[in-house]
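Shown next, in structure tokens, is the structure this report addresses.
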Amino acid sequence: MKDDPRPAPPPPADARSPRPPRLDFDLNDFSAPRPAGQEPPASRPEPASAAAGAAPGARGADVPPPGAAPATKSPPVPARPSPRRPRRALRPGWWVLGAALLAGLLYLSWTQVPVRQVVVSGNTRLTAEQVRRLAGLPVGEAPFGWLYYGRWKAKGLLASPWVASAEVVRQFPDTVRIQVNERRPLARWNRPGKPPLLLAEDGTALPVGPGVTPGNVAALPVISGWGPERLTEALRLTRALSRYTVQSVTYTPSGLSAQTATGTAWGGDLETFVKYAGSIGMYPNKKIHIYPWGVSVQE
1 MKDDPRPAPP PPADARSPRP PRLDFDLNDF SAPRPAGQEP PASRPEPASA AAGAAPGARG
61 ADVPPPGAAP ATKSPPVPAR PSPRRPRRAL RPGWWVLGAA LLAGLLYLSW TQVPVRQVVV
121 SGNTRLTAEQ VRRLAGLPVG EAPFGWLYYG RWKAKGLLAS PWVASAEVVR QFPDTVRIQV
181 NERRPLARWN RPGKPPLLLA EDGTALPVGP GVTPGNVAAL PVISGWGPER LTEALRLTRA
241 LSRYTVQSVT YTPSGLSAQT ATGTAWGGDL ETFVKYAGSI GMYPNKKIHI YPWGVSVQE
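Start counting the sequence shown at 1; every next residue gets the next number (my numbering).
Now the structure itself:
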């Protein structure tokens, strides 16, 4: 009988023989042995970057390993603009329909709701016909369309130097009211070597027209002078002395002088002249010289 190459089974263990101690740790774990009765700590999951091969955008993916060269960031790609929709061209039929509708409204406003009455007020130098013409209204009493007239046509009123301001109001159904505020002549300006000029309070030159003749403006004070022009100061002095019936105001390089119905006054400075202008009424029929330091009265 040949020998069996398999090893002989171990002899049955005797119940009285001592058993080898039981191992409480894994043979592949080289950490220190744990005490009995203590559960092993739960294993931490690996980071998603390590498991996924450091996918872009994962946490910790932008941290380079020690000793590695820093990665360069690629420049952002500009967003491609969205294509614009082509504008639709209006069909010729819409233009024709809009023009026909506008023509119909103008025709109805001219025939069914016309303006039949124009009321002008506040005018003293200009005639009502001149105001209507400046306001862009048809001359005469012929009616015209309600939609035909607007504020854009009334701007011609301000083109006249006589008109300081104007107000145009349309009252339904057939009335237009025009309120005019005219400038008032203040003085006559005798310019050297030129014809006289009529001036308003704000210095606007007023033309001679209906209601303005040399006869009815003869009572206005006369402004004259020589040297550098001081028209603005002369007009202001004329307004300040209007209660003393100023007859003339003359300007020179040295100052201003005023001739009143009760005497004359001279001042080298306009502000001082206006400040002490009350001395004209205190010393009637006298020659007054006004200085910054006081007033001199002469017989």
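We put the CB at the ideal spot given by N, CA and C, even for glycine.
Treat the numbers as computed from the prediction; the structure is a model and nothing was measured.
| Asked | Found |
| --- | --- |
| Bridge partners of R188, per DSSP? | L198, V222 |
| If you check the beta carbons only, do V131 and V120 fall under 8 Å apart? | yes |
| Would A187 pass as a contact of P161 if the rule is Cβ separation under 8 Å? | no |
| Where does L256 land, buried or exposed, given buried means 16+ other C-beta within 10 angstroms? | buried |
| Between the beta-carbon of P174 and the beta-carbon of V96, is there less than 8 Å? | In the sequence as presented, Pro is not what sits at residue 174; that position holds Asp. No, Cβ-Cβ distance for D174 and V96 is not below 8 Å. |
| Using only CA atoms, which one of E299, I280, P185 lies nearest to T260? | I280 |
| Hey, out of G294, A99, L237, whose CA is closest to T245's CA? | L237 |
| Helix, strand or coil: how does DSSP classify K287 here? | strand |
| Rounded to a whole number of angstroms, what is the C-alpha to C-alpha distance between A128 and R170? | 17 Å |
| Compare the beta carbon distance of A277 and A240 with 8 Å and say whether it is the shorter of the two. | yes |
| By Cβ distance below 8 Å, which residues in the same chain neighbour R247 in space, the five residues on each side in sequence not counted? | It should be pointed out that residue 247 corresponds to Gln in this sequence rather than to Arg. Excluding residues within five positions, the ones whose Cβ falls inside 8 Å are P221, V222, Q259, T260, A261. |
| Smallest Cα separation from F172: which of P192, Q117, G193? | Q117 |
| Anyone know if the C-beta pair for G203 and T232 falls short of 8 Å? | yes |
| In terms of residue numbering, what span does the alpha helix (DSSP H) encompassing V180 cover? | Careful: V180 lies outside any alpha helix (DSSP H), inside the beta strand (DSSP E) at 175–182. |
| With DSSP as the reference, label E299 as helix, strand or coil. | coil |
| Output yes or no for whether 8 Å exceeds the beta carbon distance between G294 and T252. | no |
| What three-state label does DSSP hand W95 in the structure shown? | helix |
| Pull up the distance between the alpha-carbon of L102 and that of A159, whole angstroms please. | 30 Å |
| So, under 8 Å CB-CB, G267 and K287 are touching, yes? Tell me the CB distance rounded to an integer number of Å. | Contact flag wrong, Cβ pair sits at about 12 Å. |
| How about A200 and R184: do their beta carbons lie closer than 8 Å? | yes |
| Buried or exposed for N181, going by 16 or more other Cβ atoms inside 10 Å? | exposed |
| How is R125 classed by DSSP in three states: helix, strand or coil? | coil |
| Report the option in V176, A135, V168 whose CA atom is closest to the CA atom of L157. | A135 |
| Taking the CB atoms as reference points, tell me whether V168 and V176 lie closer together than 8 Å. | yes |
| Three-state secondary structure (DSSP) at S279? | helix |
| Can you give me the Cβ contacts of L270 inside the same chain, cut-off strictly under 8 Å, excluding the 5 residues immediately before and after it? | E233, R236, L237, L256 |
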